[in-house]
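These protein sequences, in sequence, are chains P and C. Numbered by the numbering used here, the letters in the first sequence go through residues 1 to 493 in order. Numbered by the numbering used here, the letters in the second sequence go through residues 1001 to 1493 in order. Beta carbons: idealized from backbone N, C-alpha and C, even for Gly. In what follows, a single structure is set out as structure tokens and then discussed.
There are 2 protein chains.
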Amino acid sequence: MTDRAGASLYEHLYRCIRTDIEAGIITEGEKLPSKRSLAKHLGVSLITVEGAYSQLIAEGYLRAEQRRGYFANLPVLLPIVDFTRGNHLRSRDAVEEAERKTREIVTPLAITAASSLIDLRTGNASPELFPFKLWTRTIRSVLAHESERTLLADVPTAGVFRLREALAAYLHGLRGMNVEPEQIIIGAGAQYLYGLLVQLLGRQHTYAIETPGYPRLAKIYRANDVDVVFIPLDEQGASVNALRASAAGVVHLMPSHQFPTGLITPISRRYELLTWANERNNRYIVEDDYDCEFRFAGMPIPTLQGIDSNERVIYVNTFTKSLGAAFRVGYLVLPWHLVKRFEEQLGFYSNTVSALDQLVLAHFIESGDYERHVNRLRTMQRLLRDELIAALRISAISKRIWIEHEDAGLHFILHIDSQYSAKDLQAAFLREGLDVCPLSCYELAAKPASVSPQTRIPSVATLQDRRFTLCYGGLRREQIGSVVSAMERAVLR
Amino acid sequence: MTDRAGASLYEHLYRCIRTDIEAGIITEGEKLPSKRSLAKHLGVSLITVEGAYSQLIAEGYLRAEQRRGYFANLPVLLPIVDFTRGNHLRSRDAVEEAERKTREIVTPLAITAASSLIDLRTGNASPELFPFKLWTRTIRSVLAHESERTLLADVPTAGVFRLREALAAYLHGLRGMNVEPEQIIIGAGAQYLYGLLVQLLGRQHTYAIETPGYPRLAKIYRANDVDVVFIPLDEQGASVNALRASAAGVVHLMPSHQFPTGLITPISRRYELLTWANERNNRYIVEDDYDCEFRFAGMPIPTLQGIDSNERVIYVNTFTKSLGAAFRVGYLVLPWHLVKRFEEQLGFYSNTVSALDQLVLAHFIESGDYERHVNRLRTMQRLLRDELIAALRISAISKRIWIEHEDAGLHFILHIDSQYSAKDLQAAFLREGLDVCPLSCYELAAKPASVSPQTRIPSVATLQDRRFTLCYGGLRREQIGSVVSAMERAVLR
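Here is the structure:
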């Protein structure tokens, strides 16, 4: 197992760094960590990192400078991110245009801002970020070029094979996952797929979810009539001790960027979680990778699915964070023995997504349009995050705040040093037009603390430390000023 | 209750007859049953029929001829069914064209026919019946005319309101149902909605389904981990005695055209079934109206939903029989107290159908295109049925067969008088290239006979009577000859 995992880890590391250089996450000329510090950071052997770096040097993605270290090379063949395609996207001109409009209609805007809440709670991407023209063009193209037979064919239970192929290739590129199309099950959104998973794995299991966590997850599992237990987080993610002490047979995790804490589970804990899954028969980990496309910095960590050599991990993802509500499509990646069980036990079901939607998505991914869209969106969301954080840092409350877990996903933790309670602050934010929740809103269990206080999420550890989950994914750039001044008024009242 | 039901019955009867005249199901000049015989047939009072007939005479849909009876008038305002729109539909020219092609390529066709099975088992509509051009035109029109905001808006849990409004109006016209859009829940197909229903009504119930019945229904309810019992049919539909003797709390019925028997439950039995539902708290009837759009003859019978005055009936339908696999859309019509419960208990779910699919369907229904398509499809399926039956009646096996329940839906029962067993005949059909199942394939329970033999489905009552469910909905006209000669070979071998 070590060898296999080691081999896939080296490959994965190589692929992740390459993808990051290509996507501009690691920029031209940026210095990479030393081999030793990266190996330590990831909890892998020095040989693994050496293998990956050598390969990248050989292929021209890295250059080694004597006594200075390793630096990224932007390959010449890189497609330039095209900001002018699609007027819904903020090209430089479009941004200026938007700013001009904002200045022009500043009074009505102010009224709107006061009368309608700014959403920092759900963080649903603003519809204006959706690649509308590209999408409608893809639909027209699919309708024009695909045969009636293809468009009207019965969809297999697991989904249109072409989309599953496109997803397998995409997951290989983005996440370094080695997945066959046959392992992928398409369904009408993650919520539907969780219900299907309960049917597949069985209701005899106790299902564990993280706390703090995503409240709707608990509702979904409960609506499916299974026993639900809550696993507290420590500074590395879900507590393996708590998991062992629980009756859980299946645990639903968000290891790559936990909601709402933003925690990224390091590789060592990932292996511990896999060990838990291997200790008994029929234990499973549901790996919920909901916002994996929005890693802005920091080294990649392989998915649990990628390092699982005993078929214990079920990977789940959707297009909600990247494409919003336009597509109701999610997918599972099943280990092989569950692929077989799925066919036998649930193969009688019809697929829940229309052939057209699946073909449109397949074309969108195959053409590279989807990846380009995600790259653009990531850049924009990073800019948004940078500007929001910069504005907070020069604000009147800069000495009262502390930001954490801002390098991935579309939310970060804002610590506020305040004499007011978190609830009190939340109410004040609401009065100022901000819809934002303290971390405590996401505590799913009455008594989550079965681990000692020292091992819980690190905080600035004062009695006045109030933590908020700031979901900025739906924010518009021109709203940043309003957000920061509303926060100032609420905190400094 | 009697008054309310009586009033809605009169209205319903009026509306159904009017719709049938408009749709050409009752043709110009066709004689209607006498008031007395219709009242007897439907099990309603003479006054109800008199009210409906008077209204129809007043509006010009019927004319009364002294001592001769009542005759249908085709109103002048009727939109003429346009067979030339959409080349996929068989206009007279298109039929001739197809027949010409069939003659031209008779040899390759014969090879194809021999090497691939003719489907008389699932009866899925042939994709060539799908209104492909109309559909793509509607998608293009929705993309061009609806705002980005509308197309990308979050869909409410119950679905896009506009589609729910369109469906409410459509159900009023087609089925005489008085339903508010708020009662309608849109979901990714009926199978998904059954799972949602189990979550809504609860797993403590025992769910009853009809036997013979739809085998996938049993699988779906079992995959959702509920106790399933089977209710045998007598000559009127689901046996109320068997239902009373069972532990069922929820019963899933197909009263308007049962699959696979084709039975139509008369009004008197419908009231008995409602009485069963009213005898205890929390009993529900799921009314599965899957092929209601394909009634070819006979008087309309109101839906259970339409005559239910105690909120016991949940109506379910899809577009599978009318639009095939292109749309993965089904809907529930909930009684009001369940609308409330749905919001409270399951309102956290995201809807499973994309906004675009829902808007396209809404436009399709609103424009009348959907109704025109269904009317065309019904006419074509009726022609198909007529030709198939006519071909069987002049075949070499005409003296050995007997056809039943052919006036609704897309299947009928073919009785075959044979020395071979049903299984043996099925195997012989298969060897001849026909995929068709005997009724016994759909027996879902090992011992369904808790009712006495006299009250079971009427048959020609010989030991040699073999019954087959013939689903002709997916048949192409040019295949009829092959079907009949294959049957001749199998039966007369």
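Taking its Cβ as the centre, do 16 or more other Cβ atoms sit within 10 Å of residue i, making it buried, or is it exposed?
i	result
P:Thr122	exposed
P:Ala490	buried
C:Asn1048	Here the sequence assigns Thr to residue 1048 of chain C, which means Asn is not the residue at that position. It is buried - the Cβ of C:Thr1048 has at least 16 other Cβ atoms within 10 Å.
P:Gln454	Model confidence at P:Gln454 stands at a pLDDT of 40, short of 50, so the residue's coordinates are unreliable and nothing is read from them.
P:Lys340	exposed
P:Ser268	exposed
C:Gln1066	exposed
C:Arg1149	exposed
C:Trp1135	buried
P:Leu492	exposed
State the Cα-Cα distance for the pair residue i and residue j, rounded to the nearest angstrom.
i	j	result
P:Leu463	C:Glu1182	The predicted model places P:Leu463 with a pLDDT of 44, which falls under 50 and marks its position as unreliable; any figure quoted below should be read in that light. Near 48 Å, if we compare the C-alpha coordinates of C:Glu1182 and P:Leu463.
P:Asp227	P:Thr206	5 Å
P:Arg378	P:Glu293	7 Å
P:Ser147	P:Gln381	38 Å
C:Gly1173	C:Thr1019	7 Å
P:Leu444	C:Ala1242	46 Å
P:Ala316	C:Ala1355	Here the sequence assigns Val to residue 316 of chain P, which means Ala is not the residue at that position. Their backbone Cα atoms lie some 22 Å apart in a straight line.
C:Thr1138	C:His1363	7 Å
P:Ile25	P:Ala297	6 Å
P:Ala169	P:Ile365	9 Å
P:Gly195	C:Val1198	12 Å
P:Ala153	C:Tyr1284	35 Å
P:Ile394	P:Glu488	11 Å
Report the neighbours of residue i on chain P: residues whose CB is nearer than 9 Å to its CB, in chain order.
i	result
C:Glu1148	His88, Pro127, Glu128, Phe130 and Phe132
C:Val1155	Ala325 and Arg328
C:Gln1199	Gly195, Ala223, Asn224 and Asp225
C:Leu1163	Ordered by position in chain P, no residue passes the 9 Å Cβ test against C:Leu1163, which lies about 14 Å from the chain.
Terminal residues of the continuous beta strand (DSSP E) containing residue i?
i	result
P:Thr318	Val313 to Thr318
P:Tyr331	Gly330 to Val333
P:Glu443	Per DSSP, P:Glu443 belongs to no beta strand (DSSP E) and is neither H nor E.
C:His1252	Ala1248 to Leu1253
C:Phe1412	His1411 to Asp1417
P:Arg467	Asp465 to Cys471
P:Ile184	Ile184 to Gly187
P:Tyr284	Tyr284 to Asp288
P:Ala64	Leu62 to Glu65
P:Asp291	No beta strand (DSSP E) contains P:Asp291, which DSSP labels as neither H nor E.
C:Leu1233	Asp1227 to Asp1234
Identify the contact partners of residue i in chain C, using a Cβ-Cβ distance below 7 Å as the criterion.
i	result
P:Val316	Residues of chain C passing the Cβ test: none, with the nearest at roughly 15 Å.
P:Ser350	Gly1189 and Gln1191
P:Ile139	Ile1139 and Leu1143
P:Thr136	Leu1143
I need the boundaries of the alpha helix (DSSP H) containing residue i, first residue and last residue.
i	result
P:Ile389	Asp369 to Arg393
C:Asp1407	Run containing C:Asp1407: none; DSSP gives neither H nor E here.
C:Gly1173	Phe1161 to Arg1175
P:Gly481	Ile480 to Val491
P:Ile496	Not covered by the structure: residue 496 of chain P. The range shown for chain P is 1 to 493.
C:Gly1195	Ala1190 to Leu1201
P:Phe132	Phe132 to His145
C:Ala1422	Ala1422 to Arg1431
C:Tyr1271	Ile1267 to Glu1279
Please list, in chain order, the chain P residues whose beta carbon lies closer than 8 Å to that of residue i.
i	result
C:Ala1355	Ala325 and Ala326
C:Lys1035	The contacting residues do not exist; C:Lys1035 stays about 45 Å from chain P at best.
C:Lys1219	Phe348
C:Leu1152	Pro127, Phe130, Phe132, Gly324, Ala325 and Ala326
Under 8 Å by Cβ, that's how I've got residue i and residue j pegged, so tell me the actual separation to the nearest angstrom.
i	j	result
C:Ala1188	C:Thr1320	Rounded, the Cβ-Cβ distance is 12 Å, inconsistent with contact.
C:His1411	C:Pro1260	7 Å
P:Gln358	P:Val160	4 Å
C:Ala1208	C:His1252	7 Å
P:Leu217	P:Cys471	So it is not a contact: roughly 16 Å between Cβ atoms.
P:Phe130	P:Ala326	6 Å
P:Leu274	P:Ile307	7 Å
Using a cut-off of 7 Å between C-beta atoms, extract the partners of residue i located in chain P.
i	result
C:Arg1203	Asp225
Quick one: is the Cβ of residue i within less than 7 Å of any heavy atom of the ligand MN?
i	result
C:Ile1480	Because no ligand of any kind appears in the structure shown, any question about the ligand MN cannot be addressed here.
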